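Have a look at the structure below, then the notes.
Residue numbers (this note's numbering): 16 to 228.
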């Protein structure tokens, strides 16, 4: 491949996994727009209600935070966990009132290192994030750890076959069959349902997991 194209695709992939700098601001807006159907479906599937303690892991542009805050109302709380310092700074500015009122907590962390207590969350969503995590089992174990006994976890991913056709996914993405992600969740003690989200630009999949028992 042309080295200029290679560098461009590498940059795009890097920004999607870790938005930062001036380009990251544009990427954040693109993520909110492009991922809207999947994120909205994930929030709905998580059955978030007032009084819930909810979280968006890898919130990126912040759309999930907005939708979760709308669901928990004034009596619940939302935690946003993000690896990108620039996205955290952006969110602290845009959601300053919610942070000040303690409705929203924003913290730095990753899927394999969540700065959250055991059994602390009623509802968790994470959309288009697991492509950037080599250690799938470790990530699933962390997500299961923070769920309450009746908690709900929703992982949203793009259809792997469709994503494999995109020019930037060879540069840093780990695309896994949906069945592989489901099996990893089941290995850490979660019962999993699967739902398809049909929307443009591509079909998405929701894995809706709950602690067994």
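Think of the CB as a built atom: it goes at the ideal place given N, C-alpha and C, for glycine as much as any other residue. Please read these numbers as outputs of a predicted model, since none were measured by experiment.
Neighbourhood of residue i by C-beta, 8 Å cutoff - its chain only, sequence neighbours within 5 removed
i, result
"residue 62", "138, 167"
"residue 119", "80, 84, 92, 93, 94, 95, 110, 113"
"residue 136", "68, 69, 70, 94, 161, 162, 163, 166"
"residue 190", "146, 175, 178, 179, 184"
Alpha-carbon to alpha-carbon, residue j and residue i
i, j, result
"residue 173", "residue 66", "30 Å"
"residue 91", "residue 64", "8 Å"
"residue 134", "residue 164", "7 Å"
"residue 99", "residue 122", "10 Å"
"residue 204", "residue 222", "14 Å"
"residue 218", "residue 130", "31 Å"
"residue 51", "residue 207", "23 Å"
"residue 58", "residue 88", "14 Å"
"residue 181", "residue 132", "37 Å"
"residue 14", "residue 56", "Because the chain is modelled from 16 through 228, residue 14 falls outside the range shown and cannot be assessed."
"residue 24", "residue 108", "Residue placement at residue 24 is flagged as unreliable, the pLDDT there being 48, under the threshold of 50; the coordinate-derived value follows with that caveat. Rounded to whole angstroms, residue 24 to residue 108 spans 30 Å at the Cα level."
"residue 229", "residue 104", "The chain is shown from 16 up to 228; residue 229 falls before or after that span and cannot be answered."
Neighbourhood of residue i by C-beta distance below 6 Å, restricted to the same chain and skipping five residues each side
i, result
"residue 193", "220"
"residue 86", "63"
"residue 124", "96, 130"
"residue 214", "52"
"residue 155", "199, 200, 203"
CB of residue i within 8 Å of CB of residue j, strictly
i, j, result
"residue 106", "residue 77", "yes"
"residue 127", "residue 97", "no"
"residue 179", "residue 200", "no"
"residue 71", "residue 140", "yes"
"residue 82", "residue 212", "no"
"residue 171", "residue 143", "yes"
Chain-order list of residues whose beta-carbon lies under 7 Å from that of residue i (same chain, five-residue window excluded)
i, result
"residue 60", "169, 210, 221, 223"
"residue 153", "127"
"residue 230", "This structure leaves residue 230 out entirely; the chain is present only between 16 and 228."
Contact with chain C by residue i, beta-carbon distance below 8 Å
i, result
"residue 166", "Protein chain content of the structure displayed is limited to a single chain, and chain C is not contained in it."
Segments of 4+ residues assigned as alpha helix (DSSP H) that fall wholly inside the stretch 108-170: The qualifying runs are 111-115, 151-161.
Ordered list of alpha helix (DSSP H) runs contained in the stretch 58-111, each at least 4 residues: Counting only unbroken stretches of 4 or more residues, the alpha helix (DSSP H) elements lying wholly within the stretch 58-111 are 78-87, 100-109, in sequence order.
Could you say if the stretch 147-164 and the stretch 114-121 meet the contact criterion of at least three C-beta pairs nearer than 8 Å? They do not touch, by the three-pair rule.
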